[in-house]
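Report on the following structure.
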Amino acid sequence: MTFEEFDALLALARAEVEAMHAAEPADRAIESVRLQLAALHGWTRGGRCPAQEEKDRLNFGVIASRELDTYPVASKLYTLASHVIYWGHPQ
272 MTFEEFDALL ALARAEVEAM HAAEPADRAI ESVRLQLAAL HGWTRGGRCP AQEEKDRLNF
332 GVIASRELDT YPVASKLYTL ASHVIYWGHP Q
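In terms of this note's numbering, the sequence shown is residues 272 to 362.
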C-alpha cells in the first residue's frame, strides 16, 4: 500500500468513526478508536513511519474486532492496523 492509499483510507476511516462518535458519544470503544486514528494521522504526516513506541500505543484493530465488528468501518480499521504493524519492515 502506498502512503497515498494509506492516507486516503485513514481519512475515510476517520470520517466514519467521527460520524459514529457523533451518533454514540458515550461509546468508549468508538472514542478510543477516534483518538487513536487522530494520533496516527498526526504521526504520519509527510509519509512518516510511526516509531515503534507509537505503534505500541495503538490497539484500534483489536477494538474493531471485539467491539466494532458489525460496523462497516471495521474492515478499514483491520487494513490500517495491519499496515501500521508492518510499516517500515522489509516485505
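For each residue, glycine too, the CB sits at the ideal point set by N, CA and C.
Outcome for residue i when other beta-carbon atoms lying within 10 angstroms are tallied against a minimum of 16
i	result
L331	A quick correction: the sequence has Phe, not Leu, at residue 331. Buried: at least 16 other Cβ atoms inside 10 Å.
I334	buried
A282	exposed
L306	exposed
Rounded separation between residue i and residue j - CA only
i	j	result
G317	L329	20 Å
E276	L351	10 Å
A290	A297	13 Å
T273	Y357	13 Å
E324	A294	32 Å
G313	H292	19 Å
Residue of the options minimising C-alpha distance to residue i
i	options	result
V344	F274, A286, I356	A286
G359	D327, K347, P321	P321
D278	V304, L308, E338, A300	L308
E302	R319, E338, K326, L280	E338
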